[in-house]
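K.L.:
Numbering (this note's numbering), first residue to last: 30 to 146. All residues carry an ideal CB built from backbone N, CA and C; glycine is no exception. Being a predicted model, the structure only gives us computed values, none of them experimental. Structure provided below as structure tokens; questions to follow.
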Amino acid sequence: MLDKSSNSVKVVFADKANVVRQLKDYAKSIKRMHPEVERVGYFGSYANDTYGPASDVDLLIILRRSDRRFLDRIPDFLPDNLSICCDVFPYTSEEIEKMQGQNNPWIRHVLGEVVWL
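See the structure below:
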């Protein structure tokens, strides 16, 4: 026999102030562990206050240099101690400049809303 399910659903939103605090700690830590990191910032729904219960955090990580391919860098920068899921975008300064020079709409959008930590 099946039990009756609840008639209500509780939706829980992340506490943005707590998320930003965690991101600042992550940025400090990643800069210590990876001296090639110039800047770390978040963009997307947390930057423009449109986040919801299922939102993740998008992190732009700018590196001075890297000999590795973009996709090969990602695992090195994935946070493992945050209370929210993150997507990381570890680009070199040179790659950012190249995308800007190509008038890449994605990087233009990201740089227009990024909140630097």
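1) Could you tell me how far apart the beta carbons of Ile90 and Pro108 are, in whole angstroms, since I believe they sit closer than 8 Å?
2) Near Ile136, what residues of its chain come up, given a Cβ to Cβ distance below 7 Å and the 5 sequence neighbours on each side ignored?
3) Out of curiosity, what's the CA-to-CA distance linking Asp85 and Leu100?
4) Under a Cβ-count criterion, where at least 16 other Cβ atoms within 10 Å of its own Cβ denotes burial, should Val144 be classed as buried or exposed?
5) DSSP puts Gly70 in a beta bridge; with which residues?
6) Whole angstroms is fine: what's the gap from Thr121's alpha carbon to His63's?
7) Let's test the definition: count the other Cβ atoms within 10 Å of the Cβ of Ala56 and tell me whether it reaches 16, buried, or not, exposed.
8) Can you tell me whether Tyr80 is helix, strand or coil according to DSSP?
P.N.:
Working from what's here:
1) Wrong, their Cβ atoms sit about 11 Å apart, outside the cutoff.
2) Closer than 7 Å at Cβ, skipping near neighbours: Ile125, Met128, Gln129.
3) Computed Cα separation, rounded: 19 Å.
4) The residue in question, Val144, is exposed, as its Cβ has fewer than 16 Cβ neighbours within 10 Å.
5) Under the DSSP definition of a beta bridge, Gly70 partners with Leu89, Trp145.
6) Roughly 13 Å separates the two Cα atoms.
7) Counting the other Cβ atoms within 10 Å of the Cβ of Ala56 gives 16 or more, which makes it buried.
8) Correct three-state label for Tyr80: coil.
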